[in-house]
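Below you'll find the structure, written out as C-alpha cells, and then a few comments.
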Amino acid sequence: FRFNPAQANQCPQGYFCPDPSTIKDCPAGLFCPSGSARPLGCNDLRFDMKRWGNTFSAGLDGNFCPPNSREPWQLCPGGHYCPNASIALECPDGYYCPVMSSEPRKCPLLSYCPSNSDSPSISWIALVGTVSVALVMYGTSFLIIWRNKTSEEKDHGEEEIAAFNEKITKTICEIVLPTFNAREISDVFKMGNLSLVSDPLRLNIKDLTVTFKGRTILDKVSLSVPRGSLNAIFGPSGAGKTTLIKSMLGKLSYNLDISGKVSFTKCTSNKEIMVYNSSRGCFGKTLDFFETSKARKKVIQTKVGYVPQDNVVYPNLTVRENILFSVKLRNKFVKDRKALTDQILNLLGLFSIRNSIVGTPEKGGISGGECRRVSIGLELAGCPLCLVLDEPTTGLDAVSADRVLKCLNFLTGSGMTIIASIHQPKSSIFHLFSQTHVLMKGGFVVYTGPKNHVTRYFAHLGFVMPELENPADFIIDIVSGLVNCKTNASFTTSELPGMWRDNKGILEAFARSPSFARMKSDSQSSPDSERDPKMQTDAAQVDEDTTLLLDAALPDLQKELNRNQELNSGKAIYNLTVGELKDQVIQICSACFHLEHFGSVGECARHIADRIRSCLSPEFEVSPALQGAASPNREDGPYSRLSSLLSFKSTRHLMASLSFKSVRSFHKDQAPKAEEKGQVVRHLKRQFKLTYVLLNKDVLGWVRSLGLKTVDLVITAIFAIILGFNQGQGFMEVKDILYMSMLINLYVGMLSVVVAINLTLERLKSSEREAGGGISTALVFTSSKLADLTDHVLRPTVFSILFYFISLPRMSFGTFYAVVLGVSLSCSGLGDFIAVIFPENLATVAGLIIAFAFGGILNGYSPPLSDLPSEWIVFPSYARWGVEALCLAEFREYNDWKTETGMMHIGYSFDDWKWCLTFLYVSAVVLRICTYPLFRKKALS
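When we follow our numbering, the leftmost residue of the sequence shown carries the number 136, and every step to the right adds one.
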C-alpha cells in the first residue's frame, strides 16, 4: 500500500470543504464530487459531448439531487415529480409521474392513476374506441342495407304494378286481337326501351397480318361481317382466334407487327371508322407502349361492346344492381333506367333471379350460365352497335350455353352485329349462327361466309360430312387434318388456305340456288331498320277519323274490362280511364305494326275499333272496308319473331311523337343547344353524377363484403394488442423506442401495400369494362381511390386506438395517429403503383418484398442514417420517414441526454419532424398520380 497525500486530504464525495478544517453536507439540489470546496448546482445542466466524431451540446432535466449527492445524474424517481433538482414531490391522485418527470402528467381518459403512480393503467378508451368504430361501421352499413332494401321493396311494388299492366295488355289483346299472339305483343310492348340500334355496324377485315418476333399469328386474313348477323369465329387452338378478336377491338399489343386493314362501317350514315389501316412502325409502337392506342379509342367511341371470356361482374351486387349500375354509367339517353334494366333482365331470362347476389365460384352465387348472361347484360346496358364476345360458352353446360346463344341470336334482329369466338359448339348452337369464319393453325382463313354454305363448301372440296355429325366438330377435324379428302389422296391441311382462295367464288353460286333463296326467305324477316324512314313515320300516324272511331268504340271495351273477373279479383283492380285505355290501345297498335301484323298503326286501330263494335256492340255492323284489315290467313310468327324487338322504339316515345325517330337523331337535332354556354356546366354535372354512381356501387359492394372486412380488422386488432402489451408502459430506452417504431411501420406498411394491391387488381378488371363502355378512366380511378379510403383509414384507426391506449406512449394520440395514418396512405399508394407495374400473378409477392425491404432494411434505423454514404439511398422508403416521425414525437417528451446522443448517432433532428410527416402525405398523393397513367393504359388495353 502506497500512501497518497493528495487523495487523503481531498474532501469526500457528497460533502464540500470550504477550508481544510471544515466539512459540510452537500445540500439538496446540489452535488459535491470528491474534493469539492463548494457545492455545484444540479439545475439546468448543459454540457458539451463528443460522440462518433461529432461535438454537440446536451442537457438534462428531470434530475434529482438529494442531500449528500455525489453526482447530478440521479433521475427523479417514478411516482414522483421534481420541479427542480432539490425536491421530489409525490405524484397526486389522477396523475402519473414516470421516471425523470419535472411535472405530473394528467392520467389519460378512462385510465386509473392512484397517488404515487409512475404509469397509468390501460385506458378503457382502447375498448370504447374500438367498439365505437365498430358501431359506426356496422351502423352505417346496416343503414345502407336498409335503404337499399326499402328501395327494393319500392321496386317490388312497381314490379307488381307493371305485372298487372302486362295482364291488362294481354287481356285487351285477347279481346280485340284474338288471332295474334298476346304474349308476343306484350313482350314487344314491355321491352321497347331497348331499341337504340339506329345505325348498325358491319365489319371489314382485309389482308390483316399480325406477327410477333418473326412468328406469324394471322396471315392475310380477309373477312366481312354483315350488319345484324350472329357470327362464329372458330378453329383449333393456336389458330389466332383471340388475336383476331383483339384486332376488332383495337387491343393488339404494342410489340406486335401489324399490316392490313380493319374497319367498321355505319350502315345508315355510311361512315367508315378505321381501326387499323397500315403497318405500325417503330414510332407507332413506342406511342402505343406509353399511351392507349388510337385504335382502341376509336372502337370505344364507335360503341363496340366487348364481353371477355372471364365473367367480369360485380360479385357483391345483385343481378339487378349489376345491370342497373351499368345502365346508369353508360346510358345517358334513357330516362327510365329501371325500366331499361328490367327489359334487359327479361331479354336475358334473368328476371326471376334479379335479387340474387352474383357471388363468385369460391363464395357461391348464381350459376356460371347466369353469370355469363349478366356479363352480357352489362354490355347491353350501353346499347352497343356491335357486340364482341370471347368464348361465351366456355365452362358452361350444354343447356346454359344454349340459352346464352339464343339470347345473342335474339339481339341480332335489331341490326346489332354480334361476333363470338367459340370452340367446337354443339350442333344446335352451331345452327343459331348466321355467319361462320373458320381459321386454322398459322392464322389462315379457310372459310368465311354464311353458315348454311359451310358444309356444302367443304363437300365441294371433297370432304363429305357423315349423317348426324356435328358440323362444328366436322370442320375442326378437317382443319386439324383428321378427315381425308376424297378428291385428293395426298391432301394436307396446308392446302386449305389455297383451296379457299381458289374456290370462295362458289359461295355466290350457292347463294343463287333456289333452295338457299327459299331457306333465306323462311328464316329471315326484314328488320325494322331497313324500312324507309318516311314510310315509318307515315305508318306510325293515327289520323283523325281513326281517333274518332276509337273514341266511339272504347267505352264498350271499358265496360268489358270492368266486368273481367281476372282483372278485378286480386289485390290490384282495373281502374284505367277511357283516355288511359286509349293510350294503351295505341301502344298495342304500335307493337303490332312493329311486328308487321298490320301495315300501319292506324290500320290496327281501325281493326280494333271495328272488332269492339262487332263483338261488344252487336247493333253495329262490321265495316266492309275493314273486314280484311287483319287477314286470318296471316300466320302468327313464331316467338322468335321477337328477334326484331330491339329496334322497336320506346312506347313512351311513340306516345309522345307517334313516330320512329331514334334517340340518336333526336339528340343530333338538339346539337346546336349543346353548344350553348351551359354545355360545360352540364358536362361537369354529368361527371359528378357518374362519380356518385361509381361511389355508390363501390360502397354497396363494400357493405356486402362486411364479413370479410371484419375478419381483416380483427386480425389488425389482435396484432395491435400483442404489440401494445409487448411494448408495455413507462420509461423506455432509445433503442426500444426505435425498435417499436420500426415494427409499427413494418406491420402497417406491409398490410397497407397488400390490401391496396388486391383492391387495385379487382378495380382493374371492372374498369376495363367501364372504360370500354366510354366511361372516363379518370372518373373510374378517382371514385375507386375515394372508396378505397374506407379501408386505408379504418385499419390504422383500429390499430392506433388499441396500440396507443394499451402502451400509452408519451406523445399525444393525435400525433401518433397522424403518423400511422400517413404511413397507411403512403403505403397504399405504393401498393397501387406496384399493382399496375407488375403482372397480376406477381404483384402481391413483389409488393410484400418491396414493403419488407423498405420497412425492415431501408428504414434509416438499422443501418442508421449516419452510417450510410448518402441519405438518398433510403429516401423513397416510407419507413425512413415514418420511423423518424414516431421517434422524434416520442423523444420530444423525454428530457434525458441519452435521447439526444441517440438521435445524434442515428442522424435524427427535431427540425425534421414536419418534413417526415409531409413526405408521408405528399408521397401518398404523388404515388397515386403516377399510378393513374398506367392504370388508364391497362384499363383501355
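Ideal placement from N, C-alpha and C gives every residue a C-beta, glycine not left out.
When beta bridges are read from the DSSP output, S394 appears opposite T344. Comparing alpha-carbon positions, the option among L924, M946 and L993 lying closest to S959 turns out to be L924.
Cβ-Cβ distances below 8 Å link R173 to F151 and P153 in the same chain, with the five nearest sequence neighbours on each side left out; the list follows chain order. Between the C-alpha atoms of S267 and L384 there is a straight-line separation of about 50 Å. Residue pairing for A970: DSSP places it in no beta bridge.
Closest in alpha carbon position to D686, among A726, A744, I611 and R647, is A744. The residue among A852, G229, A594 and C211 with its C-alpha nearest the C-alpha of A163 is C211. Under DSSP, V469 shares a beta bridge with no residue. Secondary structure at G982: helix, using DSSP grouped into helix, strand and coil.
C-alpha of T378 to C-alpha of I352: approximately 8 Å in a straight line. In the structure shown, Y411 falls within a strand segment according to DSSP collapsed to helix, strand and coil.
For the region 985-1071, the continuous alpha helix (DSSP H) assignments of 4+ residues that do not extend past its boundaries occur at 1013-1026 and 1032-1041, in sequence order.
It is roughly 8 Å from the alpha-carbon of G504 to the alpha-carbon of R538.
DSSP links N219 through a beta bridge to I222. Residue burial annotation: L819 is exposed, with fewer than 16 other C-beta atoms found within 10 angstroms of its C-beta. Within the region 431-472, complete alpha helix (DSSP H) segments of at least 4 residues are found at 454-465, given in chain order.
Just measuring C-alpha positions, the residue of G577, G578, M600 and F579 sitting nearest H588 is M600. Per DSSP, F315 is not a residue of any alpha helix (DSSP H), being assigned neither H nor E. By alpha-carbon distance to Q722, the top candidate from C308, A644 and F968 is C308. Closest by C-alpha distance to K586, out of S364, S254 and A855, is S364.
Taking all protein chains shown into account, Y273 has fewer than 16 neighbouring C-beta atoms within 10 Å of its C-beta and is therefore exposed. Residue pairing by DSSP places Q570 opposite N366 and P585 in a beta bridge. With respect to A981, L896 sits apart: the two C-beta atoms are not nearer than 8 Å. N605 is bridged by DSSP to nothing; it lacks a bridge partner. Proximity to T571 across Y592, D342 and N893 peaks at Y592, based on C-alpha coordinates. L452 sits away from L829, with the two beta carbons spaced by 8 Å or more. Comparing C-alpha distances from V890 to each of G966, N831 and L881 shows the shortest one belongs to G966. Contact between I511 and L483 holds, since their C-beta atoms are separated by about 6 Å, short of 8 Å. Secondary-structure assignment with DSSP links T351 through a beta bridge to T346. Its chain contains L165, F166, C167, P168 and P207 as the residues whose beta carbon lies nearer than 8 Å to that of L175, once the 5 sequence neighbours on both sides are disregarded; these appear in chain order. Per the DSSP secondary-structure output, D160 pairs in a beta bridge with Y150. The three-state reading of DSSP puts V523 in strand, counting E and B together.
An exposed status is given to K694, since fewer than 16 other beta-carbon atoms sit within 10 Å of its beta-carbon. Taking G375 as the centre and dropping the five residues before and after it, the same chain places the C-beta of I352, L353, L574 and G578 closer than 7 Å to its C-beta, in chain order.
Here the region 1042-1051 lies against the region 1011-1030, with 3 or more beta-carbon pairs under 8 Å apart. By the 16-neighbour rule on beta-carbons within 10 angstroms, P496 is exposed.
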